[in-house]
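In the numbering used here, the protein residues as written are 89 to 184.
Below is one structure, written out as structure tokens; the observations come after it.
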């Protein structure tokens, strides 16, 4: 059971890094640092969008509209950190 919890914690940490990469890539595209017409950039951006958008969309629908500022990745990262802490402090020590 601990191995399963370790895998869950690892997947959550990997998802946090994917969220950060998606946010950074969106900033780089918005400020014209990278060319979105490049096939590699487009494929990476498409992958990150497909992997993060299903989770971010419900959070965006709950958050108020702040213009061009999107706080949904930060809210999701905080939720993931909370889940990791709950697993680490309450579930993991009680598993034999």
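Virtual Cβ for every residue (Gly too), placed ideally from N, Cα, C.
Within the same chain, show all residues whose beta-carbon is closer than 7 Å to that of residue i, passing over the 5 residues directly before and after it, in chain order.
i: residue 109; result: 136
i: residue 160; result: 144, 147, 148 and 151
i: residue 111; result: 161
Label residue i either buried or exposed according to how many other C-beta atoms from any shown protein chain fall within 10 Å of its C-beta, with 16 as the threshold for buried.
i: residue 155; result: exposed
i: residue 176; result: exposed
Please work out which residues of its chain come closer than 6 Å, Cβ to Cβ, to residue i, disregarding the five sequence neighbours upstream and downstream, and give them in chain order.
i: residue 170; result: none
Which residues in the same chain have their Cβ closer than 8 Å to the Cβ of residue i, if we skip the five residues on either side of it in sequence?
i: residue 117; result: 124, 129 and 133
Check whether the Cβ of residue i sits closer than 7 Å to any heavy atom of the ligand COA, and report yes or no.
i: residue 169; result: This structure does not include the ligand COA; it has no bound ligands of any sort.
Inset, instruction - Would you check if the segment 161 to 173 and the segment 99 to 108 touch, i.e. whether three or more CB-CB distances between them fall below 8 Å? - result: Contact annotation: the segment 99 to 108 touches the segment 161 to 173, with at least three C-beta pairs closer than 8 Å.
Legend entry - alpha helix (DSSP H) runs wholly inside the segment 105 to 180, at least 4 long, in chain order: For secondary structure counted as the alpha helix (DSSP H) over 4 or more consecutive residues, the segment 105 to 180 holds these complete runs in sequence order: 127 to 150 and 160 to 174.
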